[in-house]
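*Asks:* Quick one: structure below, then a few questions.
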Amino acid sequence: MSAHEVLTMGRIGVDLYPEQLGTPLAQVRTFAKSLGGSPTNVAVAAARLGRRAAVITRVGADPFGSYLRDALRRFGVDDRFVGVVEHLPTPVTFCEIFPPDRFPLYFYRYPRAPDLEISPYDVDLAAVRAATIFWVTGTGLSAAPSREATLAALRARGRTGVTVFDLDWRPMLWASPEEARPWYLEALRYATVAIGNVDEVAIAVGGIGGVVAASDGVGGAATAGGDDDLLGRLLATGVELAVLKQGPAGVRAATRTETTYAPAIEVDVVNGLGAGDAFGGALCHGLLAGWPLAETIRFANAAGALVASRLACADAMPTAAEVHELLAAGRAPARLSESPDLPDVDHG
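For the sequence shown, the numbering used here begins at 354 and goes up steadily by one.
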């Protein structure tokens, strides 16, 4: 098989989303099961756009672990690098859905998530070096041996190709922002692209304007005049492209020679949790296509908006045709929609 166009590494789990929207978790009656985990969803989003994608991760030796591997294959994501940890359960994540902007997450990754058990010896470094885009996240740095595996992969890859560091700040997985910052800065040494919301970037490079970390994974908008400063701080770490997701204020991105901005697209938000992952997969698609920066960010922004208008994450990732349709219309249809069923894909 040819080298992967998008190879991601890190968190995976089962998402259990309430089917009763606007209802506290204690009162929810039924849930829908879905593949979850930010880097895994990015791989799904890229595959949905026609890219050869794979994920490096680990699951438990249980029915949920089997479900996740089956789901990856169904979505067209190569699961050859998905290992099994015999003594740990596959994680599950619950959320509450209070549109348009409150989606608390409840992670059940006890006593420890299998994806944090990835060791340097589990990583196919040849595949990491061969991938056109390699994607890692802040969660992978939160504990050993995953931390060492992530850094080993980054060092083995060097600065060849496109290496994306998704800051992916999850406060429940760290003792404090101060604990995370040195590891974030170490990963940024090897990244060519860095992506985060306002809070995540502030944690990685130092806060401004009293920015505080969001507890639900959904970052707010930057303070006036602060966004360019944050982008500049990211670029100062050595990355070639810095991307700042600003929620309802849109997306800003910068290289050393240009800056672009994509305003938020009007949608009826149902669940904002998968929007960033859709953005990530679509960003990879644009980078692989060689599009201009402004076109890439505009496309990725629209992909994220589409998923925010749908209930699920992985199951809701859009096709390129759907994204272009939204860009042409300027607004998503006012309906709760999901992507059509996906065909089975055999990766041998």
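Quick reminder that beta carbons are idealized off the backbone N, C-alpha and C, glycines included.
Cβ atoms of GLY390 and GLY366: under 7 Å apart, would you say?
*Replies:* The sequence position of residue 366 within the sequence shown is 13, counting from 1. The sequence position of residue 390 within the sequence shown is 37, counting from 1. Yes, Cβ-Cβ distance for GLY366 and GLY390 is below 7 Å.
*Asks:* With a floor of 4 residues, list each alpha helix (DSSP H) that falls wholly inside the stretch 488 to 524, ordered by position along the chain.
*Replies:* Complete alpha helix (DSSP H) runs here, min 4: 499 to 510.
*Asks:* Count the other CB atoms within 10 Å of the CB of GLY683; is the residue buried (16 or more) or exposed (fewer)?
*Replies:* For the purposes of this step, residue 683 is identified with residue 330 of the sequence shown, where counting begins at 1. Per the 10 Å Cβ criterion, exposed.
*Asks:* Got a sec? Which residues, its chain only, sit under 6 Å from ALA567 by beta carbon, not counting five neighbours each side?
*Replies:* Counting from 1 along the sequence shown, the entry for residue 567 is found at position 214. Because the pLDDT at ALA567 is just 35, under 50, the model does not fix this residue reliably, and the value given afterwards should be weighed accordingly. Here the set comprises ASP552.
*Asks:* Under the rule that 16 or more other beta-carbon atoms within 10 Å means buried, what is ARG411, buried or exposed?
*Replies:* Within the sequence shown, numbered from 1, the residue matching residue 411 stands at position 58. Under this definition ARG411 is a buried residue.
*Asks:* If I measure Cβ to Cβ from ARG465 and keep anything under 7 Å in the same chain, skipping five residues before and after, which residues do I get?
*Replies:* On the sequence shown, residue 465 is found 112 positions in, with the first residue counted as 1. Closer than 7 Å at the Cβ level, and outside the excluded window around ARG465, lie LEU441.
*Asks:* Spatial neighbours of ALA483 within its chain, please: CB distance less than 7 Å, with the 5 preceding and 5 following residues excluded, ordered by chain position.
*Replies:* The count along the sequence shown starts at 1 and reaches residue 483 at position 130. Excluding positions up to five away in sequence, the list reads ALA356.
*Asks:* Look up TYR370 in the DSSP assignment and give the residues it is bridged to.
*Replies:* Taking the sequence shown and counting its residues from 1, one reaches residue 370 at position 17. DSSP output for TYR370 lists ALA385 as bridge partner(s).
*Asks:* Give the secondary structure of ALA665 by DSSP, where H, G and I count as helix, E and B as strand, and everything else as coil.
*Replies:* For this step, residue 665 is matched to residue 312 along the sequence shown. It is coil, neither helix nor strand.
*Asks:* What's the C-alpha gap between ALA496 and ASP368?
*Replies:* If you number the sequence shown from 1, residue 496 lands on position 143. If you number the sequence shown from 1, residue 368 lands on position 15. Their backbone Cα atoms lie some 22 Å apart in a straight line.
*Asks:* By DSSP, does ASP694 sit in helix, in strand, or in coil?
*Replies:* By 1-based counting over the sequence shown, the position of residue 694 is 341. Interpretation of ASP694 is limited by its pLDDT of 46, a score under 50 that renders its predicted location unreliable; no figure is taken from the coordinates.
*Asks:* Between THR376, LEU494 and VAL546, which lies nearest to ALA528 when the distance is taken from Cα to Cα?
*Replies:* Residue mapping note: residue 528 aligns to position 175 of the sequence shown, counting from 1. Residue LEU494 is the option with its Cα nearest to ALA528.
*Asks:* Distance cutoff 7 Å, beta carbons only. Does PRO453 sit that close to anything in chain B?
*Replies:* Annotation note: the requested chain B is absent from the structure, which comprises a single protein chain.
*Asks:* So, with DSSP's three-state summary, where would you put PHE460?
*Replies:* Taking the sequence shown and counting its residues from 1, the one referred to as residue 460 is at position 107. The answer is strand: DSSP assigns PHE460 an E or B state.
*Asks:* For GLN780 and ARG422, I'd like the C-alpha separation in whole angstroms.
*Replies:* Absent from the structure is residue 780, since the part of the chain shown begins at 354 and ends at 701.
*Asks:* Would you tell me roughly how many angstroms separate the C-alpha atoms of ALA479 and ALA506, rounded to the nearest one?
*Replies:* For the purposes of this step, residue 479 is taken as residue 126 along the sequence shown, with counting starting at 1. For the purposes of this step, residue 506 is taken as residue 153 along the sequence shown, with counting starting at 1. Taking the straight line joining both Cα atoms gives about 10 Å.
*Asks:* Hey, how far is the Cα of GLU531 from the Cα of GLU678?
*Replies:* Position 178 of the sequence shown, counting from 1, holds the residue named residue 531. Position 325 of the sequence shown, counting from 1, holds the residue named residue 678. Approximately 43 Å between the Cα atoms of the pair.
*Asks:* Once the 5 residues before and after ARG401 are set aside, which same chain residues still bring their CB inside 8 Å of it?
*Replies:* To locate residue 401, count along the sequence shown from 1; it is residue 48. Answer for ARG401: PHE428, GLY429, GLY634, MET670, PRO671, THR672, SER692 and LEU695, listed in chain order.
*Asks:* Please classify ARG455: does DSSP put it in a helix, a strand, or coil?
*Replies:* Within the sequence shown, numbered from 1, the residue matching residue 455 stands at position 102. Looking at ARG455 - three-state DSSP - the assignment turns out to be strand.
*Asks:* Anyone know if the C-beta pair for THR516 and GLY363 falls short of 7 Å?
*Replies:* By 1-based counting over the sequence shown, the position of residue 516 is 163. By 1-based counting over the sequence shown, the position of residue 363 is 10. No. Outside cutoff.
*Asks:* Which whole-angstrom value describes the C-beta separation of PRO473 and GLU501, a residue pair presumed to lie in contact below a C-beta threshold of 8 Å?
*Replies:* For the purposes of this step, residue 473 is taken as residue 120 along the sequence shown, with counting starting at 1. For the purposes of this step, residue 501 is taken as residue 148 along the sequence shown, with counting starting at 1. Their Cβ separation, rounded to whole angstroms, is 5 Å, which keeps PRO473 and GLU501 in contact under 8 Å.
*Asks:* What residues in its chain sit with their C-beta under 6 Å from that of VAL622, if we drop five residues either side in the sequence?
*Replies:* Position 269 of the sequence shown holds residue 622. Result list for VAL622: PRO452, PRO453 and ALA661, in chain order.
*Asks:* Considering GLY549, what are the terminal residues of the alpha helix (DSSP H) in which it resides?
*Replies:* Counting from 1 along the sequence shown, the entry for residue 549 is found at position 196. No alpha helix (DSSP H) contains GLY549, which is instead part of the beta strand (DSSP E) from 546 to 550.
*Asks:* Going straight from the alpha carbon of PRO616 to that of ASN550, what length do you get?
*Replies:* As a working note, residue 616 is residue 263 in the sequence shown. As a working note, residue 550 is residue 197 in the sequence shown. The straight-line gap from Cα to Cα measures roughly 15 Å.
*Asks:* Just reading off the alpha helix (DSSP H) that THR446 is part of, what are its end residues?
*Replies:* For the purposes of this step, residue 446 is taken as the residue at position 93 of the sequence shown. No alpha helix (DSSP H) contains THR446, which is instead part of the beta strand (DSSP E) from 445 to 448.
*Asks:* Can you tell me where the beta strand (DSSP E) with GLY436 in it begins and where it stops?
*Replies:* On the sequence shown, position 83 is the one that residue 436 refers to. It spans 435 to 438 - the beta strand (DSSP E) in which GLY436 sits, taken as one unbroken run.
*Asks:* Does the Cβ-Cβ distance between GLY657 and ALA628 come in under 7 Å?
*Replies:* Position 304 of the sequence shown, counting from 1, holds the residue named residue 657. Position 275 of the sequence shown, counting from 1, holds the residue named residue 628. Yes, the Cβ-Cβ distance between GLY657 and ALA628 is below 7 Å.
*Asks:* Is the CB-CB distance between CYS448 and PHE460 below 7 Å?
*Replies:* As a working mapping, residue 448 is identified with position 95 in the sequence shown. As a working mapping, residue 460 is identified with position 107 in the sequence shown. Taking 7 Å as the Cβ cut-off, CYS448 and PHE460 do not qualify as a contacting pair.
*Asks:* Report all residues from its chain with a CB closer than 8 Å to the CB of ASP697; omit the five preceding and five following residues, and keep chain order.
*Replies:* One-based indexing of the sequence shown puts residue 697 at position 344. With a pLDDT of 43 at ASP697, under the threshold of 50, the predicted position of this residue should be treated as unreliable, though the coordinate-derived value follows. Excluding positions up to five away in sequence, the list reads ARG426 and ARG427.
*Asks:* Under the three-state reduction of DSSP, which class applies to GLU619: helix, strand or coil?
*Replies:* Reading the sequence shown from its first residue, position 266 is the one you call residue 619. It is a strand residue.
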